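Working notes, structure below.
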Amino acid sequence: MWMPPGQNQSWVSEFILLGFSSDPMTNRTLFSAFLLLFLSSVLGNGLIITLICLDTHLHTPMYFFLCILSLLDMGYVTTTVPQMLVHLLSQSQTISFAACWLQMYVFGAVGLTECILFVVMAFDRYVAICYPLHYTVILSWGLCTRLSAGTWACGFFFSLIHTFFTMRLPYCGPNMVNHYFCEGPSVRNLACMDTHVIEMVDLVISVFMVVAPLLIIVASYIRIAQAILKLKSMQARCKAFSTCASHLTVITFFYAPATYLYMRPNSSYSPEQDKQVSLFYNVFTALLNPVVYSLRNKDMKRAFLKVMGR
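Our numbering puts the first residue of the sequence shown at -2, with every later residue one more than the last.
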């Protein structure tokens, strides 16, 4: 249990996000680059959502989950990047305590939801390859809806636990967060009390929401690989591997930096390096996902040409 600060201390009412640089020229350059990445990411994911909604041929479980993934990626970048762009051009880099609380919660909720969604997408590929004749029976729209609702519920629930325990800590100053958004470990380091218990809570959440899903995904793809290798036709093998390649690529982009950031000891915390890694899985992954799925997917290309009237 934590105790309120003493009489000679005061609560922090706002935080200062240090961002990447204090040099105005560098910040203007970063603003142009990040604005381009942000717009490309929003437009790319928005295009995928639009194509899936408009083309009835894409109304299948696989594209339903892909649509949710694109929606989550848009949530990622819109939660953090717009404020970062404002701070790059403005003199003030402050964020209120309440806004920091909300940003941390939404960012964590979207990220944890995506962790579970990747498990659902792996299950979709497992059923499609291992039980192709029963695909539509097993993955009915009712089941898809329940799986989708379950991923969102888990993500927002566990993010609430993480955010509640982090922001419930006493913050007496300093209030300078060495990050470009209110990221949990970065804010927690400013607490004026021992954070060992909170770190253990975050570790338990990470095990349930990052490690466990990743192990399930690995187990699913081992079964998928075994099923593919049993196919006699080389063409059928290549087609089956191709349907999984995009999903595996996106999983690697997401889990590699996320595991590095949230599954290591707090003693190895490196602010500058962490900002670069989080920028990759926050901004670049959201941009790469539409590229990976659109360039490797004939159905998406056909849907795009159909919508464009060609």
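A virtual CB, placed ideally from N, CA and C, is assigned to each residue, including glycine.
Given the structure is predicted, the values throughout are model-derived calculations rather than measurements.
Worksheet item: Comparing alpha-carbon positions, which option in Glu196, Ser183 and Ile202 lies nearest Phe154?
Response: Your numbering for residue 154 matches position 157 in the sequence shown. Comparing Cα positions, the closest option is Ile202.
Discussion item. Mapping the DSSP letters down to three states, classify Phe281 as helix, strand or coil.
Written reply: Residue numbering aside, residue 281 sits at position 284 when the sequence shown is read from its first letter. Assignment of Phe281 by DSSP, reduced to helix, strand and coil, places it in the helix class.
Worksheet entry | Terminal residues of the alpha helix (DSSP H) in which Thr240 lies | Along the sequence shown, read from residue 1 onward, the residue named residue 240 stands at position 243. Taken as a continuous stretch (DSSP letters only), the alpha helix (DSSP H) holding Thr240 covers Met231 to Tyr259.
Practice prompt. Figure out for me which residue from Cys112, Leu285 and Val280 has the closest Cα to the Cα of Leu82.
Written response: On the sequence shown, residue 82 is found 85 positions in, with the first residue counted as 1. Out of Cys112, Leu285 and Val280, Val280 has the C-alpha closest to the C-alpha of Leu82.
Worksheet entry | Phe12 beta carbon less than 7 Å from that of Val174 | Residue numbering aside, residue 174 sits at position 177 when the sequence shown is read from its first letter. Residue numbering aside, residue 12 sits at position 15 when the sequence shown is read from its first letter. Result yes, Cβ atoms of Val174 and Phe12 sit closer than 7 Å.
Item to complete: Measuring alpha carbon to alpha carbon, tell me which of Gly108, Ser243, Tyr278 and Pro254 ends up nearest Met297.
Response: The residue labelled residue 297 in the question sits at position 300 within the sequence shown. Measuring from the Cα of Met297, the nearest candidate turns out to be Ser243.
Discussion item. Would Leu48 and Phe301 qualify as a contact pair, given that the criterion is a beta-carbon distance under 7 Å?
Written reply: Sequence index remark: in the sequence shown, residue 48 carries index 51 (1-based). Sequence index remark: in the sequence shown, residue 301 carries index 304 (1-based). The Cβ atoms of Leu48 and Phe301 sit closer than 7 Å to each other.
Worksheet item: Rounded to whole angstroms, how far is the Cβ of Ala255 from the Cβ of Val288, which I believe are closer than 8 Å?
Response: Numbered from its first residue, the sequence shown carries residue 255 at position 258. Numbered from its first residue, the sequence shown carries residue 288 at position 291. Approximately 20 Å separates the beta-carbon atoms of Ala255 and Val288; this is outside 8 Å, ruling out the contact.
Worksheet item: Among Ser38, Arg165 and Val198, which residue has its Cα nearest to the Cα of Trp8?
Response: The sequence position of residue 8 within the sequence shown is 11, counting from 1. Its Cα nearest to that of Trp8, the residue Arg165 stands out among Ser38, Arg165 and Val198.
Worksheet item: In the DSSP assignment, what are the bridge partners of Thr166?
Response: Reading the sequence shown from its first residue, position 169 is the one you call residue 166. Checking the displayed sequence, the identity of residue 166 turns out to be Leu instead of Thr. Paired residues: none, contrary to the question.
Worksheet item: From this set, Phe104, Ser67, Met22 and Met59, which residue's C-alpha is nearest Gly41's C-alpha?
Response: In the sequence shown, the residue the question calls residue 41 occupies position 44. Of the candidates Phe104, Ser67, Met22 and Met59, Ser67 places its Cα closest to the Cα of Gly41.
Practice prompt. Could you check what DSSP says for Val9 in three-state terms: helix, strand or coil?
Written response: The residue you call residue 9 lines up with position 12 of the sequence shown. Here Val9 sits in coil by DSSP.
Worksheet item: Are the stretch 82 to 91 and the stretch 183 to 191 touching, with three or more C-beta to C-beta distances below 8 Å?
Response: Verdict: no, contact absent.
Fill in: Cβ shell of Cys151 (< 8 Å), same chain only, five flanking positions each side left out
Working through the sequence shown from its first residue, we reach residue 151 at position 154. So the list reads Leu109, Thr110, Ile113 and Met206, once near-sequence residues are dropped.
Practice prompt. Quick one: residues in its chain with C-beta nearer than 6 Å to the C-beta of Met0, no 5 flanking neighbours on either side, listed in chain order?
Written response: Here residue 0 refers to the residue found at position 3 of the sequence shown. Below a pLDDT of 50, predicted positions are generally treated as unreliable, and Met0, at 40, falls in that range; no measurement from the model is reported.
Practice prompt. Assuming Pro58 and Cys141 form a contact by the criterion Cβ under 8 Å, report the distance between their Cβ atoms to the nearest whole angstrom.
Written response: For this step, residue 58 is matched to residue 61 along the sequence shown. For this step, residue 141 is matched to residue 144 along the sequence shown. About 5 Å separates the beta carbons of Pro58 and Cys141, which is inside the 8 Å limit, making them a contact pair.
Discussion item. On the DSSP bridge list, what partners appear for Thr91?
Written reply: Within the sequence shown, residue 91 is the residue found at index 94, counting from 1. DSSP lists Ile13 as partners of Thr91.
Worksheet item: Considering only C-alpha positions, which residue in the set Phe161, Cys189 and Thr160 is nearest to Gly170?
Response: Residue mapping note: residue 170 aligns to position 173 of the sequence shown, counting from 1. Ranking the options by Cα distance to Gly170, first place goes to Cys189.
Item to complete: Mind reading off the beta-carbon distance from Leu284 to Ser38? Whole number of angstroms is fine, and I expect it under 8 Å.
Response: As a first step, residue 284 is located in the sequence shown; it is residue number 287 there, counting from the start. As a first step, residue 38 is located in the sequence shown; it is residue number 41 there, counting from the start. Here Leu284 really is in contact with Ser38; their C-beta atoms are around 4 Å apart, less than 8 Å.
Fill in: Helix, strand or coil at Leu190 according to DSSP, with G and I counted as helix
For the purposes of this step, residue 190 is taken as the residue at position 193 of the sequence shown. For the record, residue 190 in the displayed sequence is Met; it is not Leu. Three-state result, Met190: coil.
Fill in: Contacting residues, own chain, Cβ-Cβ under 6 Å from Tyr259 (five flanking each side not counted)
Here residue 259 is taken as the residue at index 262 of the sequence shown, counted from 1. Contacts found: Ser203.
Worksheet item: Can you list the beta strand (DSSP E) stretches of 3 or more residues lying completely in the stretch 91 to 140, in chain order?
Response: The qualifying runs are 91 to 93.
Item to complete: Could you tell me which residues DSSP pairs with Met173 in its beta bridges?
Response: Numbered from 1 along the sequence shown, position 176 holds the residue referred to as residue 173. Answer is Ile13.
Worksheet item: Helix, strand or coil: how does DSSP classify His84 here?
Response: Along the sequence shown, one-based indexing puts residue 84 at 87. If DSSP states are grouped into helix, strand and coil, His84 belongs with the helices.
Worksheet entry | Spatial neighbours of Tyr128 in its chain, beta-carbon cut-off 7 Å, leaving aside the 5 residues before and after | Start at 1 with the first residue of the sequence shown, and residue 128 comes out as number 131. Same-chain partners within the cutoff: Ile135.
Fill in: Cα-Cα separation between Met310 and Asp20, rounded to whole angstroms
Residue coverage of the chain in this structure runs from -2 to 307, which leaves residue 310 outside it and unanswerable.
Worksheet item: What's the gap between the Cα of Gly139 and the Cα of Asp271?
Response: One-based indexing of the sequence shown puts residue 139 at position 142. One-based indexing of the sequence shown puts residue 271 at position 274. In this structure, the straight-line span from the alpha carbon of Gly139 to that of Asp271 is close to 40 Å.
Discussion item. Could you give the first and the last residue of the continuous alpha helix (DSSP H) run that contains Asn24?
Written reply: Your numbering for residue 24 matches position 27 in the sequence shown. Unbroken alpha helix (DSSP H) run through Asn24: Pro21 to Leu51.
Discussion item. Whole angstroms are fine: how far does the CA of Ser291 sit from the CA of Val215?
Written reply: One-based indexing of the sequence shown puts residue 215 at position 218. One-based indexing of the sequence shown puts residue 291 at position 294. Answer to the nearest angstrom: the Cα atoms are 24 Å apart.
Worksheet item: In whole angstroms, what is the alpha-carbon distance linking Met101 and Gly306?
Response: Your numbering for residue 101 matches position 104 in the sequence shown. Your numbering for residue 306 matches position 309 in the sequence shown. Those two C-alpha atoms are separated by around 42 Å.
Discussion item. I'd like the span of the alpha helix (DSSP H) that includes Leu309, first residue to last.
Written reply: Given a span of -2 to 307 for the chain in the structure shown, any question on residue 309 remains unanswerable.
Discussion item. Using the Cβ count rule (16 or more neighbours within 10 Å means buried), how would you classify Phe104?
Written reply: Taking the sequence shown and counting its residues from 1, the one referred to as residue 104 is at position 107. By the neighbour-count criterion, in which 16 or more other beta carbons inside 10 Å mark a residue as buried, Phe104 falls on the buried side.
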